[in-house]
Structure formats: structure tokens, C-alpha cells
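Here's the structure we're looking at; comments come further down.
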Amino acid sequence: MRLNRSNLALEKDDTNRFLPWLIAFMTFLAALAVAALLMLKQISDIFEYSNHDSMTIQIPAGESTKSNKKNSIKVLTALEKTDGVKTATKITNSEIEELLKPWLGNALGTENIPLPQIIDVKIDRNSGLTADKLTDLLTSTLPGITVDDHRLWLTNLVDTIHSTELIGLSIVFLITLATIGTVIFTTRTGMGIHRQTIEVLHFVGAHDEFIARQFATRAFIVGLQGSVGGIILATPVLYAFEYILKNSGSGLLPKADLNNSIWIGVSLVIPIVATIAMMTARSTVIKKLKKMV
Numbered sequence: 003m004r005l006n007r008s009n010l011a012l013e014k015d016d017t018n019r020f021l022p023w024l025i026a027f028m029t030f031l032a033a034l035a036v037a038a039l040l041m042l043k044q045i046s047d048i049f050e051y052s053n054h055d056s057m058t059i060q061i062p063a064g065e066s067t068k069s070n071k072k073n074s075i076k077v078l079t080a081l082e083k084t085d086g087v088k089t090a091t092k093i094t095n096s097e098i099e100e101l102l103k104p105w106l107g108n109a110l111g112t113e114n115i116p117l118p119q120i121i122d123v124k125i126d127r128n129s130g131l132t133a134d135k136l137t138d139l140l141t142s143t144l145p146g147i148t149v150d151d152h153r154l155w156l157t158n159l160v161d162t163i164h165s166t167e168l169i170g171l172s173i174v175f176l177i178t179l180a181t182i183g184t185v186i187f188t189t190r191t192g193m194g195i196h197r198q199t200i201e202v203l204h205f206v207g208a209h210d211e212f213i214a215r216q217f218a219t220r221a222f223i224v225g226l227q228g229s230v231g232g233i234i235l236a237t238p239v240l241y242a243f244e245y246i247l248k249n250s251g252s253g254l255l256p257k258a259d260l261n262n263s264i265w266i267g268v269s270l271v272i273p274i275v276a277t278i279a280m281m282t283a284r285s286t287v288i289k290k291l292k293k294m295v
């Protein structure tokens with residue numbers, strides 16, 4: 003006897019009317035969480051690899067522009083003779099003003115706020131050169147110099163970002179559990195509605211796998227519908243978030259963007275959600291049918 007999918011008419015259930023909306027909401031949250039995770043990964047990679055060998059030397063502001071230039075030349079000359087220093091580049095006053103402008107505004111460059119001279123240094127970590135050694139060396143050339151090793155505070159910052167990533171993963175895990183619970187509840191409700199039809203199908207020789215496959219197929223379709231809707235809702239929110247990040251002007255964090263890898267990761271939420279819904283519905287039906295026998 004040939005049985006087809008129309009035997010249960012699952013698409014007419016009232017429960018299936020709300021399930022796509024619930025899945026869309028779960029997918030919306032999951033898409034935002036996944037995008038945030040991948041953008042955090044971008045930022046942590048930039049901090050971890052781009053500034054690993056960087057140090058910043060700050061020279062106190064002199065009495066005049068001429069003395070500032072003279073002091074910078076002294077330090078640069080000393081750095082050229084220092085083992086372990088790859089490059090030493092003086093940061094221009096305009097670049098320093100741009101970095102400090104969000105905090106100090108138009109007061110920059112006036113006599114009331116003299117600007118220190120900044121030198122960016124790339125070092126060879128294998129040489130054993132440390133911030134303390136560089137400070138001792140340069141202080142003998144020019145007193146009052148301070149050296150900031152980027153790796154020291156970047157390590158703490160990267161650790162904080164990794165902790166935030168773990169929180170994001172926990173959120174995705176909780177969303178997954180909520181989606182599974184919703185599908186289980188909806189599937190069990192649907193089985194209750196179609197209990198008499200299921201018993202008749204059993205009587206005429208239908209196997210548990212056949213019945214489970216109908217519920218699983220319907221859950222997969224509903225999962226696709228809901229997840230596509232959730233991604234559509236999440237897309238303008240993600241673009242708005244990217245716009246805010248790019249135009250924040252804080253200068254504290256590198257500019258993460260929604261590149262192709264992030265969109266691929268967000269798009270993968272659709273088949274993952276649909277597959278989870280299908281597998282959850284199938285296992286729920288199989289377990290329930292074994293108790294009905």
C-alpha cells in the first residue's frame with residue numbers, strides 16, 4: 003500500500019501557524035550573535051597580530067617647536083643604534099591631534115596643551131629588548147621619556163574579547179536549546195492533534211519511520227521559512243550596526259566590517275536551524291511512538 007505525505011495534513015495545524023514566527027525570532031537573535039562573534043574575532047586578530055611587536059615612545063613636550071624637533075632627532079638616532087629595533091617612525095603632530103581630538107576637541111595645539119612627541123617602534127621580540135631596557139637606554143639620552151609596550155595591555159584586552167566571545171557562544175547555545183524546546187513542544191502537540199490518524203496509519207501497516215519522516219519534513223520546511231525570515235529581519239540591523247561602528251570616531255577599536263566570511267556565517271544559520279528542527283521533530287516522534295505501542 004502506497005502512503006503519501008497528505009495523510010496527516012500537518013500544514014493545516016494551528017501550531018504550525020506560529021512556529022515559523024518563533025523560529026524567525028530565534029534566528030534573528032542567532033544571526034546577530036554569530037555576526038557579533040565573527041566581528042569580535044576580526045578585532046582580536048588585529049590586536050593580536052598587528053601590534054604584537056609594537057612599542058610607543060613618548061617624549062615630553064619641549065619649550066618650543068625647535069626643541070621638540072631636536073629631542074626627536076636625538077631619540078631616533080639612539081634607536082637606530084639599538085639592537086632589536088626594526089623600525090622607528092615619528093608620529094606627526096597632525097596625527098596626534100587626530101587621535102586626541104575626540105577627548106580634547108579644539109583645545110589641541112594651543113600653548114595651554116603642548117603636545118608630546120610620539121615615536122612608533124617595531125622591535126624584534128627574540129632580541130630580548132623590553133620596555134624597561136629601552137626606557138633605561140633612552141633616559142640617559144633624554145630624561146623624562148616613557149615607553150609603552152603594546153603587548154602588555156593588548157594581552158589583557160584580547161583576553162577580555164575572548165571572554166566576550168565565550169558569552170556570545172553561550173547565547174547561541176541557549177538560543178539553540180530554546181529552538182529545540184519549541185520544536186519538541188510543537189511536534190508533541192501536533193501528534194496529539196493527529197493521534198487518531200496516526201493510530202489508523204499504524205493499523206494499516208505504516209512504520210514509525212514513515213510517520214516520523216512526515217513530521218520531520220514539515221519541521222524542515224517550517225524551519226527554512228522561519229530562518230529565512232529571521233535573516234531578512236537581521237540584515238538591516240547588521241548594516242545599521244556596521245554603520246555605527248564605522249562612524250563612531252572613537253579611535254579606540256579597529257573598524258570591523260561585515261565581510262564575506264561574516265555573511266557566509268550568518269547565512270549558514272538557515273540550513274543549521276532547518277536541520278535542527280527536522281532532526282528534533284524526527285527524534286521526538288520516534289520516542290513518542292514507541293510509548294504509544
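Each residue of the sequence shown is one higher than the one before, counting from 3 in the numbering used here.
In this text, a Cβ means the ideal position worked out from N, Cα and C, and glycines have one as well.
Below 8 Å, enough C-beta pairs join the segment 115-131 and the segment 62-81 to call them touching: three or more.
With a cutoff of 8 Å on beta-carbon distance, I125 and G86 are scored as near each other. The Cβ-Cβ distance between G232 and A37 does not fall below 8 Å. Judged by DSSP in its simplified three-state form, T188 adopts helix.
Boundaries of the beta strand (DSSP E) around I125: 119-125. A Cβ-Cβ contact shorter than 8 Å links S229 with I25. Annotated three-state conformation of I61 is strand, per DSSP. Distance between F205 and Q198, taken at the CA atoms: about 11 Å. Look at the segment 225-280 and you find these whole runs of alpha helix (DSSP H), each 4 residues long or longer: 262-269. Ranking F30, L203, I98, F20 by CA distance to the CA of P238 puts F30 first. Within the model, the alpha-carbon separation for D210 versus A242 is close to 48 Å. The segment 60-95 contains, as complete beta strand (DSSP E) runs of 3+ residues, the segments 87-93 (chain order). Counting only the Cα atoms, I121 lies some 51 Å from P273.
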